[in-house]
Structures are given as C-alpha cells and as structure tokens.
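Trainee: I have a structure I would like to understand better, so I am pasting it below and will then ask my questions one at a time.
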Amino acid sequence: GQNIDQPTEMTATEGAIVQINCTYQTSGFNGLFWYQQHAGEAPTFLSYNVLDGLEEKGRFSSFLSRSKGYSYLLLKELQMKDSASYLCAPSGGYNKLIFGAGTRLAVHP
Amino acid sequence: GAGVSQSPSNKVTEKGKDVELRCDPISGHTALYWYRQSLGQGLEFLIYFQGNSAPDKSGLPSDRFSAERTGGSVSTLTIQRTQQEDSAVYLCASSLRGRSVAGELFFGEGSRLTVL
Numbered sequence: 001g002q003n004i005d006q007p008t009e010m011t012a013t014e015g016a017i018v019q020i021n022c023t024y025q026t027s028g029f030n031g032l033f034w035y036q037q038h039a040g041e042a043p044t045f046l047s048y049n050v051l052d053g054l055e056e057k058g059r060f061s062s063f064l065s066r067s068k069g070y071s072y073l074l075l076k077e078l079q080m081k082d083s084a085s086y087l088c089a090p091s092g093g094y095n096k097l098i099f100g101a102g103t104r105l106a107v108h109p
Numbered sequence: 110g111a112g113v114s115q116s117p118s119n120k121v122t123e124k125g126k127d128v129e130l131r132c133d134p135i136s137g138h139t140a141l142y143w144y145r146q147s148l149g150q151g152l153e154f155l156i157y158f159q160g161n162s163a164p165d166k167s168g169l170p171s172d173r174f175s176a177e178r179t180g181g182s183v184s185t186l187t188i189q190r191t192q193q194e195d196s197a198v199y200l201c202a203s204s205l206r207g208r209s210v211a212g213e214l215f216f217g218e219g220s221r222l223t224v225l
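Here you go:
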C-alpha cells in the first residue's frame, strides 16, 4: 500500500529553524518532492531528492533516507510568509506524486 | 502558455448535474495530472496522462468520473450526476517528464466545485 505520514500542525517563531518530518511507504520510488501551499493557492515546488543525503537551497534544505523511508524539510531564518502547508510527496511509477495531508506551519512574531 | 490554466475557477452546481472542468497545460509538457483536494485535506490523485493516453486512472473515485486529453494538450475532467461529496478543488498539473523519470509538477490554480 501507500502511506505518507507527517505532523498535522507545527508552530515556530520568526527567525527560528523548524524541521518537518515525513515517513512514507510507496510502491515504486523515483524520488521525493516537497511542495509549499499557501491557503487558497496552488502548490509550488520547493525541493526534490532522489539520492540519500541533504539538498540545500537557500533557506530551505531537504533530506532523504531511502532505506528508512524518511525525509525532512528544514526551514531556516523563518519569515512570516513561510506560514503555509508543506506537502511531502514521494514519486512512484509514471512520476505520480502521492501527497501526504500536509503540515500546516504557523510562524509567529 | 506561461503556466497551467484551469477553467472555470469556480463552479456551483446542483446535485445530479454534469460538470466539465478544463485544463490547459504548459506548452510542451507531455505529462498531465488531475488531483482533487477537499477542504483541509491533502491532494488525492485522480488520473495521469502521457500524451493523449491515460496509463494510470486508478484514482478516479467512480464511473461518474472521466477524463480525456486531445492533441497532447488540453484535458477535460467530466463529472456526471454530481454528488455533494464531489465538492472540492480540482487541481491540474503538468510536467515535462513522466513514465519512470521524476520531474517537477507545475500546478494550475484549480477549479473549485461546489455541489448544492
């Protein structure tokens, strides 16, 4: 079967660091995507990992362990505009992304 | 076009009516996906197109749902005899890649369907 597990909600303070964890089980695996979705808007691409390890892109980093079925998204120097839902999405056959329910992050001053 | 375009952006219909939702993907993108997102929920996969064929339609909830793609471009998602549980935002995404190679999905703004 297919299953993605991530926390439902998280809160953090402006300027801080937050780590959003994701565990997954999928049939077929072509890498893992993280998307950001602000309320009422379409999801937008943040990162993609296909090999084990850490991918860094500015304030955002994403980590993957294929053997453990585990990924995390690390957000540094949090800003108010980072308040959004963060969607973990492993890619299976046909590049079909299976999305988790997402983690709603609230950043407070 | 510059991005994925979906229409209508909002649709209110009565239970039992048919609706058609349209998606115009990014030019040159061969892969096209339909997802559904209910309020406060994650994205639920519906169907995938590579060109005009649909090798994976495993997410369509019932035979009331159908989709087609013509000319390797525009896609239409049709819901017949709509039910209240069909109310959701229907998101279309396109990608340069499909099959066994992963590629970034570009999403449209979605069509919000409300069934009264």
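The listed protein sequences derive, respectively, from chains F and P.
Per the working numbering, the first sequence runs over residues 1 to 109.
Per the working numbering, the second sequence runs over residues 110 to 225.
Cβ atoms here follow ideal geometry from the backbone N, Cα and C, with glycine treated the same way.
Restricting to Cα atoms, I'd like to know which of P:PHE154, P:LYS120 and P:SER182 is closest to P:GLY112.
Mentor: Taking the second sequence and counting its residues from 1, one reaches residue 112 of chain P at position 3. When each option's Cα is compared against that of P:GLY112, the closest is P:SER182.
Trainee: For chain F, check one thing: does any of its Cβ atoms lie closer than 8 angstroms to the Cβ of P:PHE174?
Mentor: Residue numbering aside, residue 174 of chain P sits at position 65 when the second sequence is read from its first letter. It does not: the Cβ of P:PHE174 has no partner Cβ on chain F nearer than 8 angstroms.
Trainee: Helix, strand or coil: which one does DSSP assign to P:GLN115?
Mentor: Residue numbering aside, residue 115 of chain P sits at position 6 when the second sequence is read from its first letter. Here P:GLN115 sits in strand by DSSP.
Trainee: Quick check: the Cα distance between F:TYR35 and F:THR44, rounded to an integer number of angstroms?
Mentor: As a position in the first sequence, residue 35 of chain F is number 35, starting the count at 1. As a position in the first sequence, residue 44 of chain F is number 44, starting the count at 1. Between F:TYR35 and F:THR44, the C-alpha separation is close to 5 angstroms.
Trainee: Taking the runs of the beta strand (DSSP E) that are 3 residues or longer, which of them lie wholly in the segment 150-176 of chain P?
Mentor: Runs of the beta strand (DSSP E) inside the segment 150-176 of chain P: 152-159 and 162-165.
Trainee: Under the rule that 16 or more other beta-carbon atoms within 10 Å means buried, what is F:GLN25, buried or exposed?
Mentor: Your numbering for residue 25 of chain F matches position 25 in the first sequence. With fewer than 16 other Cβ atoms within 10 Å, it is exposed.
Trainee: Could you spell out the range, first to last residue, of the beta strand (DSSP E) harbouring F:HIS108?
Mentor: Working through the first sequence from its first residue, we reach residue 108 of chain F at position 108. Residues 103-108.
Trainee: Are any of the Cβ atoms in chain F nearer than 8 angstroms to that of P:GLU204?
Mentor: Along the second sequence, read from residue 1 onward, the residue named residue 204 of chain P stands at position 95. The question names Glu, yet the displayed sequence has Ser at residue 204 of chain P. It does; some Cβ of chain F falls within 8 angstroms.
Trainee: Going by DSSP, what residue range makes up the beta strand (DSSP E) through F:GLN2?
Mentor: The count along the first sequence starts at 1 and reaches residue 2 of chain F at position 2. Taken as a continuous stretch (DSSP letters only), F:GLN2 belongs to no beta strand (DSSP E), as it is neither H nor E.
Trainee: Under 9 angstroms, CB to CB, which of the residues in the segment 144-159 of chain P have a partner in chain F?
Mentor: Within the segment 144-159 of chain P, the residues whose Cβ lies closer than 9 angstroms to some Cβ of chain F are TYR144, GLN146, GLY149, GLN150, GLY151, LEU152, GLU153, PHE154, TYR157 and GLN159, listed in chain order.
Trainee: Pop quiz: P:LEU155 and P:LEU169 are said to be a contact at Cβ under 8 angstroms. What is the actual Cβ separation, rounded to whole angstroms?
Mentor: Taking the second sequence and counting its residues from 1, the one referred to as residue 155 of chain P is at position 46. Taking the second sequence and counting its residues from 1, the one referred to as residue 169 of chain P is at position 60. That pair is a contact at about 6 angstroms.
Trainee: Have a look at the DSSP bridge pairing and note the partners of P:SER136.
Mentor: What you label residue 136 of chain P is simply residue 27 of the second sequence in a count that begins at 1. DSSP, once it has assigned bridges, lists no residue as partnering P:SER136.
Trainee: Within 8 angstroms (strictly less), CB to CB, does F:TYR48 reach chain P?
Mentor: Translated into the one-based positions of the first sequence, residue 48 of chain F becomes position 48. F:TYR48 counts as touching chain P.
Trainee: Starting from F:MET10, trace the beta strand (DSSP E) in both directions and tell me its first and last residue.
Mentor: For the purposes of this step, residue 10 of chain F is taken as the residue at position 10 of the first sequence. Segment 9-13, the beta strand (DSSP E) holding F:MET10.
Trainee: I'd like the span of the beta strand (DSSP E) that includes P:ALA202, first residue to last.
Mentor: Indexing the second sequence from 1 puts residue 202 of chain P at position 93. Its beta strand (DSSP E) spans residues 197-204.
Trainee: Comparing the C-beta of F:PRO109 with each C-beta of chain P, is any distance below 8 angstroms?
Mentor: For the purposes of this step, residue 109 of chain F is taken as residue 109 along the first sequence, with counting starting at 1. It does not: the Cβ of F:PRO109 has no partner Cβ on chain P nearer than 8 angstroms.
Trainee: Should P:VAL121 go down as buried or exposed, given a rule of 16 or more other Cβ atoms within 10 Å for buried?
Mentor: On the second sequence, residue 121 of chain P is found 12 positions in, with the first residue counted as 1. Answer is exposed; the Cβ neighbour count stays below 16.
Trainee: Got a sec: is the Cβ-Cβ distance from P:ALA140 to anything in chain F below 8 angstroms?
Mentor: Position 31 of the second sequence, counting from 1, holds the residue named residue 140 of chain P. So yes, P:ALA140 belongs to the interface.
Trainee: With three or more C-beta pairs closer than 8 angstroms as the rule, is the segment 84-103 of chain F touching the segment 181-195 of chain P?
Mentor: Verdict: no, contact absent.
Trainee: Per DSSP, P:THR122 is paired with what?
Mentor: Reading the second sequence from its first residue, position 13 is the one you call residue 122 of chain P. The partner list for P:THR122 (beta bridge, DSSP) reads P:VAL224.
Trainee: Rank P:TYR144, P:SER203 and P:ILE135 by C-alpha distance to the C-alpha of P:PHE174 and give the top, closest one.
Mentor: As a first step, residue 174 of chain P is located in the second sequence; it is residue number 65 there, counting from the start. Residue P:TYR144 is the option with its Cα nearest to P:PHE174.
Trainee: My output table needs one value for F:LYS81: the three-state DSSP class, helix, strand or coil.
Mentor: Here residue 81 of chain F is taken as the residue at index 81 of the first sequence, counted from 1. Of the three classes helix, strand and coil, the one that applies to F:LYS81 here is helix, per DSSP.
Trainee: Which residue or residues does DSSP assign as beta-bridge partners of F:VAL18?
Mentor: The count along the first sequence starts at 1 and reaches residue 18 of chain F at position 18. F:LEU75.
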